[in-house]
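**Student:** Just so you know, the sequences run in chain order B and X.
Per the working numbering, the first sequence starts with residue 1, numbered consecutively.
Per the working numbering, the second sequence starts with residue 1, numbered consecutively.
Positions of the beta carbon are idealized from the N, C-alpha and C atoms, including for glycine.
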Amino acid sequence: MSKDGGATPPPYVVDLSVAVAVARFDASIMSLMQGYDARGQSLVVPVLTLTGASLDVRTDDADDLLEGLERLGNAEVAPVRDAEQATRLAEVIARTGLDPWDAHVAAVADAAVCPILTLDAAKWQEHARDLDEPLHFIQITDPDEAPGGPGAEQTDPDEAPGGPGAEQTDPDEAPGGPGAEQ
Amino acid sequence: MSDRKARLTITVDPRLSAYAEQLVAEGRAPSVSAVFNDAMEARIQRERRQRRLWNEAAERADPGKVARMMAHVDAQAAALLRGE
Chain B
1 MSKDGGATPP
11 PYVVDLSVAV
21 AVARFDASIM
31 SLMQGYDARG
41 QSLVVPVLTL
51 TGASLDVRTD
61 DADDLLEGLE
71 RLGNAEVAPV
81 RDAEQATRLA
91 EVIARTGLDP
101 WDAHVAAVAD
111 AAVCPILTLD
121 AAKWQEHARD
131 LDEPLHFIQI
141 TDPDEAPGGP
151 GAEQTDPDEA
161 PGGPGAEQTD
171 PDEAPGGPGA
181 EQ
Chain X
1 MSDRKARLTI
11 TVDPRLSAYA
21 EQLVAEGRAP
31 SVSAVFNDAM
41 EARIQRERRQ
51 RRLWNEAAER
61 ADPGKVARMM
71 AHVDAQAAAL
81 LRGE
């Protein structure tokens with residue numbers, strides 16, 4: 001329980017779309033990450049997510065920005081630590097058909113029972129039930145920039161936690177990158 | 001902070017030690033200590049650059065937009081915690 005008596009939020013697992021936004025110097029996403037870090041929200045960054053984001057952008061600045069993500073005080077990079085984790089990752093890839101970086105996110109979220117923080121909810125909605133336990137995800141979006149403008153979202157965000165049935169991603173805001181929805 | 005050099009005892013990988021000694025032998029560095037000094041200085045500069053880039057992003061961001069996104073994320077997280 002947190003100090004105010006509320007339930008302590010679990011760590012958020014950062015997915016490729018968020019890492020690519022950081023690598024592309026998306027000021028809003030980077031500021032959001034810093035905001036969560038400042039208030040003590042734990043962030044888990046699967047290491048293959050950094051690989052995918054670095055592949056997507058391929059500049060020294062991007063790599064510096066990704067290293068900076070790792071250096072946030074409450075961020076932790078999740079490695080592929082040993083043979084057991086490596087073979088578990090292979091199993092997730094085989095079951096879901098996801099790219100390795102996305103599968104690593106799914107494997108970490110599944111093992112730690114943590115929600116995935118994403119700009120690309122559609123991808124996770126598609127794979128939410130591929131594993132034994134449903135994957136939960138949280139979409140980063142500015143409600144005022146939802147299609148049709150403020151208040152035009154089809155789903156009340158308070159009623160739409162990630163997971164099966166969560167709101168759709170605005171394809172115009174889906175970041176590119178390995179495995180990104182176009 | 002004093003400018004006097006601090007004496008440290010460190011343990012390094014054999015290949016790094018060998019490379020440092022090679023640089024000295026080739027006249028590309030005055031000493032093994034200087035090689036590791038330079039490496040630490042380079043790391044400091046890289047981390048400063050990373051912090052500067054992140055700080056620049058924070059200055060460029062629209063605080064209102066970031067606050068709305070955070071509130072939206074928080075609402076979804078709260079709903080997850082409630083099991084909705």
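Return the residue from the list X:R28, X:V24 and X:F36 that minimises the CA-CA distance to T11 of chain X.
**Tutor:** Within the second sequence, the letter at position 11 stands for residue 11 of chain X. For T11 of chain X, the nearest C-alpha among the options comes from X:F36.
**Student:** Check whether the Cβ of A111 of chain B lies closer than 9 angstroms to any Cβ atom in chain C.
**Tutor:** This model lacks chain C altogether; the protein chains it does include are B and X.
**Student:** When the Cβ atoms of the segment 15–25 of chain B are set against those of the segment 33–52 of chain B, are three or more pairs found closer than 8 angstroms?
**Tutor:** The segment 15–25 of chain B, when compared against the segment 33–52 of chain B, does touch it at the 8 angstroms Cβ threshold.
**Student:** If you drop the 5 nearest sequence neighbours on each side, which residues of the same chain put their C-beta closer than 6 angstroms to that of A152 of chain B?
**Tutor:** Reading the first sequence from its first residue, position 152 is the one you call residue 152 of chain B. Summary for A152 of chain B: the model assigns pLDDT 45, below 50, so the residue's position carries little reliability; its value from the coordinates is reported in the next sentence. Cβ within range, chain order: A146.
**Student:** With a threshold of 16 other CB atoms inside 10 Å of the CB of M69 of chain X, please say whether the residue is buried or exposed.
**Tutor:** Translated into positions along the second sequence, residue 69 of chain X becomes position 69. With 16 or more other Cβ atoms within 10 Å, it is buried.
**Student:** Residues of chain B with a CB under 7 angstroms from the CB of A57 of chain X: which are they?
**Tutor:** The count along the second sequence starts at 1 and reaches residue 57 of chain X at position 57. The contacting residues are F25, A27, M30 and S31.
**Student:** Apply the 10 Å Cβ neighbour rule to D82 of chain B and answer buried if 16 or more other Cβ atoms are within range, or exposed otherwise.
**Tutor:** Start at 1 with the first residue of the first sequence, and residue 82 of chain B comes out as number 82. Exposed: under 16 other Cβ atoms inside 10 Å.
**Student:** How would you write the range of the beta strand (DSSP E) that T51 of chain B sits in, first residue to last?
**Tutor:** On the first sequence, position 51 is the one that residue 51 of chain B refers to. Unbroken run through T51 of chain B is the alpha helix (DSSP H), V47 to V57; no beta strand (DSSP E).
**Student:** Please list the terminal residues of the continuous alpha helix (DSSP H) segment that includes I116 of chain B.
**Tutor:** Mapped onto the first sequence, residue 116 of chain B falls at position 116. Note, I116 of chain B: premise wrong, no alpha helix (DSSP H); beta strand (DSSP E) at I116 to T118.
**Student:** Nearest chain X C-beta to R129 of chain B closer than 9 angstroms, yes or no?
**Tutor:** Along the first sequence, one-based indexing puts residue 129 of chain B at 129. It does not; no Cβ of chain X falls within 9 angstroms.
**Student:** Is the segment 92–104 of chain B in contact with the segment 46–56 of chain B, if contact means three or more CB pairs nearer than 8 angstroms?
**Tutor:** Taking 8 angstroms as the limit for Cβ pairs, the verdict is that the segment 46–56 of chain B does touch the segment 92–104 of chain B.
**Student:** State buried or exposed for T141 of chain B, treating a residue as buried only when at least 16 other CB atoms are found within 10 Å of its CB.
**Tutor:** In the first sequence, residue 141 of chain B corresponds to position 141, counting from 1. Classification for T141 of chain B: buried.
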